[in-house]
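Right, one structure below, let's go through it.
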Amino acid sequence: MSVNQHTHAGPPYGQPQPGYQGYQQPAYGGQPLPGVPHAQYGAYNGPMPGYQQPVPPQGYFPSLGFPSKGSPVSLNSDTSLAPNFIGSVRALPTSGAPPPASGTSLPSGHQGYSQFGQGDVQNGIPTSTAPMQRPPASQPFLPGSAPAPVSQPSTFQQYGPPPSSVQQLSNHMAGMTIGSTSISAPPPAGLGYGPPTSVPPVSGSFSATGSGLYTPYTASQGPPPPSVPQGLPLAQPPFSGQPVPTQRLPTEVPGFAPPPSSTGIGPSSYPPSTGAPRLPPMPGPPLSGQTVAGPPMSQPNHVSSPPPPSTLSGPQPGLPMSGLHGPPPPTHPPQPGYQMQQNGSFGQVRAPQPNYGGAYPGTPNYGSQPGPPPPKRLDPDSIPSPIQVIEDDRSNRGSEPFVTGVRGQVPPLVTTNFLVKDQGNASPRYIRCTSYNIPCTSDMAKQSQVPLAAVIKPLATLPPEETLPYLVDHGESGPVRCNRCKAYMCPFMQFIEGGRRFQCCFCSCVTEVPAHYFQHLDHTGKRVDFYDRPELSLGSYEFLATVDYCKNNKFPSPPAFIFMIDVSYNAVKSGLVRLICEELKSILDYLPREGNMEESAIRVGFVTYNKVLHFYNVKSSLAQPQMMVVSDVADMFVPLLDGFLVNVNESRTVIASLLDQIPEMFADTRETETVFGPVIQAGLEALKAAECAGKLFIFHTSLPIAEAPGKLKNRDDKKLINTDKEKTLFQPQTSFYNNLAKDCVAQGCCVDLFLFPNQYLDVATLGVVTYQTGGSIYKYAYFQLETDQDRFLNDLRRDVQKEVGFDAVMRVRTSTGIRATDFFGAFYMSNTTDVEMAGLDCDKTITVEFKHDDKLSEDSGALLQCALLYTSCAGQRRLRIHNLSLNCCTQLADLYRNCETDTLINYLAKYAYRGVLNSPVKAVRDSLINQCAQILACYRKNCASPSSAGQLILPECMKLLPVYLNCVLKSDVLQPGPEVTTDDRAYIRQLVTSMDVAETNVFFYPRLLPLTKADVDSDSLPAAIRNSEERLSKGDIYLLENGLNIFVWVGVNVQQGLIQNLFGVSSFSQISNTLSTLPVLENPFSKKVRSIIDMLHLQRSRYMKLIIVKQEDKLEMLFKHFLVEDKSLTGGASYVDFLCHMHKEIRQLLS
15 MSVNQHTHAG
25 PPYGQPQPGY
35 QGYQQPAYGG
45 QPLPGVPHAQ
55 YGAYNGPMPG
65 YQQPVPPQGY
75 FPSLGFPSKG
85 SPVSLNSDTS
95 LAPNFIGSVR
105 ALPTSGAPPP
115 ASGTSLPSGH
125 QGYSQFGQGD
135 VQNGIPTSTA
145 PMQRPPASQP
155 FLPGSAPAPV
165 SQPSTFQQYG
175 PPPSSVQQLS
185 NHMAGMTIGS
195 TSISAPPPAG
205 LGYGPPTSVP
215 PVSGSFSATG
225 SGLYTPYTAS
235 QGPPPPSVPQ
245 GLPLAQPPFS
255 GQPVPTQRLP
265 TEVPGFAPPP
275 SSTGIGPSSY
285 PPSTGAPRLP
295 PMPGPPLSGQ
305 TVAGPPMSQP
315 NHVSSPPPPS
325 TLSGPQPGLP
335 MSGLHGPPPP
345 THPPQPGYQM
355 QQNGSFGQVR
365 APQPNYGGAY
375 PGTPNYGSQP
385 GPPPPKRLDP
395 DSIPSPIQVI
405 EDDRSNRGSE
415 PFVTGVRGQV
425 PPLVTTNFLV
435 KDQGNASPRY
445 IRCTSYNIPC
455 TSDMAKQSQV
465 PLAAVIKPLA
475 TLPPEETLPY
485 LVDHGESGPV
495 RCNRCKAYMC
505 PFMQFIEGGR
515 RFQCCFCSCV
525 TEVPAHYFQH
535 LDHTGKRVDF
545 YDRPELSLGS
555 YEFLATVDYC
565 KNNKFPSPPA
575 FIFMIDVSYN
585 AVKSGLVRLI
595 CEELKSILDY
605 LPREGNMEES
615 AIRVGFVTYN
625 KVLHFYNVKS
635 SLAQPQMMVV
645 SDVADMFVPL
655 LDGFLVNVNE
665 SRTVIASLLD
675 QIPEMFADTR
685 ETETVFGPVI
695 QAGLEALKAA
705 ECAGKLFIFH
715 TSLPIAEAPG
725 KLKNRDDKKL
735 INTDKEKTLF
745 QPQTSFYNNL
755 AKDCVAQGCC
765 VDLFLFPNQY
775 LDVATLGVVT
785 YQTGGSIYKY
795 AYFQLETDQD
805 RFLNDLRRDV
815 QKEVGFDAVM
825 RVRTSTGIRA
835 TDFFGAFYMS
845 NTTDVEMAGL
855 DCDKTITVEF
865 KHDDKLSEDS
875 GALLQCALLY
885 TSCAGQRRLR
895 IHNLSLNCCT
905 QLADLYRNCE
915 TDTLINYLAK
925 YAYRGVLNSP
935 VKAVRDSLIN
945 QCAQILACYR
955 KNCASPSSAG
965 QLILPECMKL
975 LPVYLNCVLK
985 SDVLQPGPEV
995 TTDDRAYIRQ
1005 LVTSMDVAET
1015 NVFFYPRLLP
1025 LTKADVDSDS
1035 LPAAIRNSEE
1045 RLSKGDIYLL
1055 ENGLNIFVWV
1065 GVNVQQGLIQ
1075 NLFGVSSFSQ
1085 ISNTLSTLPV
1095 LENPFSKKVR
1105 SIIDMLHLQR
1115 SRYMKLIIVK
1125 QEDKLEMLFK
1135 HFLVEDKSLT
1145 GGASYVDFLC
1155 HMHKEIRQLL
1165 S
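Written as structure tokens, this is what we have:
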């Protein structure tokens, strides 16, 4: 596929796509090549104007036409090949120079970059000399919406509706030709996959000829993708630059096809799934197989031992994806093949590199020819790049506001910064869907296998430029609702009979309009007060609830916060108890309060515990606090009512005195054992006695082995990994905590847990109450004051201050035809419809899956209404309502054109992470792969234009599904390395279950920024690059963040001046890897890097742990675990290999 083409993004697909908030990643690649503007790529509709393409080599016949723009194009390959051979295509490095054109003579000793040997050239595509224009693609006009969205050059949008062209990588993935020049930095010289083979690049599809050898995917996963031998002729010239209508190519053209709405990758073009990960051009031992033995202190946030969380599931040979900057620089000599530049296009073929052999050593080659030549590797620049997709969406959709007035619009990506104007549908900050155009029938939904789900974040924080939901007060009569289904008044209700009655948009029942709510209709049937009432004109708003919506029919009291501090030997000795007490003195001034209130209405109480519990009376009339000890932990009660929960301002001096005394009182303790169940029971009983909801903040250090209800034993057993009993590691070891959670939810008692373990703590069991009450868990393994206090204190401050709704109940109503059937998140359900949460904060999401129970109609579409009943921090009972209208379709192509891959991955990860509770991990992984293969096979069979079985064809808005799915498969929960503890896995499993789409996006595919490329004079972030070791240069410094950790990786050859400016030391060897913050130095580079880190902290809900990694240091293994496009040490496939594997699975389904 040619990279320079725009995909067609005309009206059918022009809906805006979801945006990633907060990421500004300007460009993509390691370094932009000189002369290449960072173009934003529109969708692939022809080469970009202004870029001259290299001249075509010989063998290019003008008589062949281009595939036409609306139909998916396929690149045909020679069908005589065994269809699934996927070989890796890698060429020799030409010492960094651009590959020579296929007709040029090469200096001796260099092989041409050609994907096939230098044999015959197959016919290519016509070239011409006129500059190619990209047709502008305009977005549909949104009627009634404020500013119409921009007409954007369409881009390969990852998630929006796909353009109608298909990018295909042609037939066997093995012989894939990849596009000509790569726009990323020159191929690193030291990594390679397999022996040198010369490969001409091709651009959209790769046709392979010749048989390939099979190389295994990963030991456990299915048959290996094949790799193709050398010598497949196919030289396609690059686009030369005339505007080309995309029509279908004649089948003889082996390798080029502009991408129609899907991205396609030819089967044979896949890399063998074998090689080891490619190393960047750095010297140093290859990484595979080394283990990290770093000190516990530098572990990633959630990891108690060095491995980081977001591992991906396959080892990924590094695919340099981020180097695509746009069309090739005009200066390169022509090469055969179209360059894949944008998302789906291909960049240059990289050469084999020394340290890595090609196939898994020792595996037999299966091949139809005896003694086939060594496999070639698929060029990573030729497969869809997350960085490119994110960048394209940013440039196309970040400048105009997203107006929600039109049904079924796909929002910008979550990585795009954009403003939302609510004109009747809820903002994507509150609700994102896996598809904005859902099938009309259940048969069609089953056929596609695309899950229909919404990720809902009811109390999401909005940027300052957007308006908070209006609060509507209807007085004693309360909100107007449908008589039958109880849906709340919303913009989709239809007023009839002159405004005296309304017909429900969810169940069609007709209800009388209450007299106080009556209003006349205008000539269009709208009420004349339409714009004055938020519930008639906006997608999100709040109602003040009446007493009928309150427990026991009485208005609630303001909530309370109870701080419960472990004072056992470990907590005191580490300095933790003193740190908490010091921090609480200041943090209590920042308790949440309603907008205009002078002080918070929240009352506070304090408990300390080890094997017994100590309650404190801090009544304002006392001169000194009083302590009461409850040693009968088997029958918990609260020894005082008056004086336990107090107003901070009234009791300030008594509280300060208590916080000064606690560290002294327990300074000499020798008590090492703790209880845990009775601590929660004590907080619950205190809230019951005070007749209010509230939150417990529990600071806990060790496995509760003391005699008491909820006592646990150490059941950690690494030998269960990869057995049928592995699921028991994720299940609680006793039902005690499930029953306790149920009682907490009934009272509105939410539990937030701060854990400081030095060994196994059983997070799977201790986290049950937190999880089911809607609370949060924070974990600081091997806590050390000097390195961890900043992170802990920042997390604590934010946790205490953030917006929380207490005693919450959420229900999701849908219009006739679909219904909510499944729910994922941190909550409790006592029936099949109500999601109950003792507390719901602004970071938590609830994911809801929908199934058909009837047919839907294209005319009326489908509606969702999420209603959340909660108590605010001032004790006010409210209802928050979010409405969303979706389109319905009878054609599968419309479904695939309106999907959102980031939301789909969020749903699939949660589905899989719940699956490990009841099924073996391998079965969960296999079902994920199978479901995604079915989604893509259905697209191929029903929506893509006919093409050789050898091509992999991906829908435009799902072209990142394979790379992201591979990241989920390689994550610590589904494929742990030896150093990932059982507690880490349980912690991550719970964390991901309530993450929003932006958080799962960066968690599974971390953001990698080249700090040395940052412009010290601008506020912007440097352009992100792809997560592969091959993209790193040993002369640069990089930052990698995944929402839990920030790694700063320093190459061995970084200039001494940069090291001095950033770390304040004179040489690489003096950099300390125990730093938890960068030194504050007065120079532009230091200021810029610190400002980038501060900016990242503001975007994330948790304070990320900073870890300094020096190249070739023992911590580097931990860092490499996050380079998710590479093969992982735990056996996860590289992106290239996984793509081959998916292609094989799809072909098996189609055959």
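Using my numbering, you'd call the opening residue of the sequence shown number 15 and step up by one each time. Just so it is clear, CB atoms sit at the ideal spot from N, CA and C, and this is done for glycine as well.
Fill in: DSSP state of Ser899 mapped onto helix, strand, coil
strand
Worksheet item: In the DSSP assignment, what are the bridge partners of Tyr555?
Response: Ile895
Discussion item. Measuring straight from C-alpha to C-alpha, what distance separates Phe509 and Ala1147?
Written reply: Rounded to the nearest whole angstrom, the CA to CA distance from Phe509 to Ala1147 is 57 Å.
Worksheet item: Could you give the uninterrupted runs of the beta strand (DSSP E) lying entirely in the region 1060-1141, keeping only those of 3 residues or more?
Response: 1119-1124
Item to complete: Please confirm if the region 593-609 is in contact with the region 799-816, defined as three or more CB-CB distances below 8 Å between the two stretches.
Response: yes
Item to complete: Using beta-carbon positions only, say whether Val1062 and Val1123 come within less than 8 Å of one another.
Response: Val1062 places its beta carbon less than 8 Å from that of Val1123.
Practice prompt. Spell out whether any CB of chain B is found under 8 Å from the CB atom of Val689.
Written response: Among the protein chains of the structure shown there is no chain B, as only one such chain exists.
Worksheet entry | Beta-carbon gap between Glu863 and Pro465 smaller than 8 Å | yes
Discussion item. Going by C-alpha to C-alpha distance, which of Leu882, Cys946, Thr846 sits closest to Val823?
Written reply: Leu882
Discussion item. Please classify Gln1084 as buried or exposed, where buried requires at least 16 other C-beta atoms within 10 Å of its C-beta.
Written reply: With fewer than 16 other Cβ atoms within 10 Å, it is exposed.
Worksheet entry | Pick from Asn1059, Gly831, Gln533 that is closest to Arg1114, judged by C-alpha positions | Comparing alpha-carbon positions, the option among Asn1059, Gly831, Gln533 lying closest to Arg1114 turns out to be Asn1059.
Worksheet entry | Inside the region 532-612 only - alpha helix (DSSP H) runs reaching at least 4 residues | Segments of the alpha helix (DSSP H) lying fully in the region 532-612: 548-551, 583-587, 590-601.
Worksheet item: What is the DSSP secondary structure of Arg1040, reduced to helix, strand or coil?
Response: coil
Worksheet item: Does the distance from the C-beta atom of Ala840 to that of Ser1008 stay below 8 Å?
Response: yes
Fill in: Start-to-end residues for the alpha helix (DSSP H) that takes in Glu800
It spans 799-815 - the alpha helix (DSSP H) in which Glu800 sits, taken as one unbroken run.
Worksheet item: To which residues of the same chain is Gly762 closer than 6 Å at the C-beta, ignoring the five residues directly before and after it?
Response: Ala707, Phe820, Asp821, Ala852
Worksheet item: Cβ atoms of Val486 and Asp1010: under 8 Å apart, would you say?
Response: no
Discussion item. Once the 5 residues before and after Asn624 are set aside, which same chain residues still bring their CB inside 6 Å of it?
Written reply: Val581, Ser582, Glu685, Thr688
Discussion item. Among Gln1125, Gly657, Ser645, Val591, whose alpha-carbon lies nearest the alpha-carbon of Val618?
Written reply: Gly657
Item to complete: State the start and end residues of the unbroken beta strand (DSSP E) segment that holds Met641.
Response: Met641 -> beta strand (DSSP E) spans 640-644.
Fill in: Alpha-carbon to alpha-carbon, Lys1158 and Val591
56 Å
Worksheet item: CA-CA distance, Gly991 and Leu1143?
Response: 7 Å
Worksheet item: Excluding the five sequence neighbours on either side, which residues of its own chain have a C-beta within less than 7 Å of the C-beta of Gln747, listed in chain order?
Response: Leu726, Arg729, Asp776, Thr779
Worksheet item: Taking the alpha helix (DSSP H) that His1157 falls in, what are its first and last residues?
Response: Residues 1149-1164.
Worksheet item: Where Ala703 and Phe651 are concerned, what is the direct C-alpha to C-alpha distance, given to the nearest angstrom?
Response: 10 Å
Discussion item. Between which residues of its own chain and Lys924 is the CB-CB distance below 6 Å, once the five residues before and five after are set aside?
Written reply: Phe838, Thr861, Thr1007
Practice prompt. Tell me whether Lys471 sits in a helix, a strand or coil according to DSSP, three-state version.
Written response: coil
Worksheet item: Considering only residues of the same chain and omitting the five flanking positions on each side of Asp536, which have a CB-CB separation below 6 Å?
Response: Val542
Worksheet item: Could you give the distance in angstroms between the alpha-carbon of Pro415 and the alpha-carbon of Val434?
Response: 5 Å
Discussion item. Looking at the strands, I want to know which residues DSSP matches up with Asp916.
Written reply: None; Asp916 has no bridge partner.
Practice prompt. Kindly list the residues whose CB is nearer than 6 Å to the CB of Gly492, restricted to its own chain and excluding five residues on each side of it in sequence; keep chain order.
Written response: Thr560
Discussion item. Just to confirm, is the Cβ distance from Asn1041 to Glu1139 under 8 Å?
Written reply: Cβ atoms of Asn1041 and Glu1139: closer than 8 Å.
Discussion item. Less than 7 Å between C-beta atoms, sequence neighbours within five positions excluded: which residues of the same chain meet that for Leu807?
Written reply: Once the five neighbours on either side are set aside, the close Cβ partners of Leu807 are Glu597.
Practice prompt. Reducing DSSP to helix, strand and coil, say where Ser396 ends up.
Written response: helix
Worksheet item: Count the other CB atoms within 10 Å of the CB of Pro81; is the residue buried (16 or more) or exposed (fewer)?
Response: Because the pLDDT of Pro81 is 36, which lies under 50, any placement of that residue in the model is unreliable, and the number read from its coordinates should be weighed accordingly. Buried is the call here.
Discussion item. Would Gly512 and His534 qualify as a contact pair, given that the criterion is a beta-carbon distance under 8 Å?
Written reply: yes
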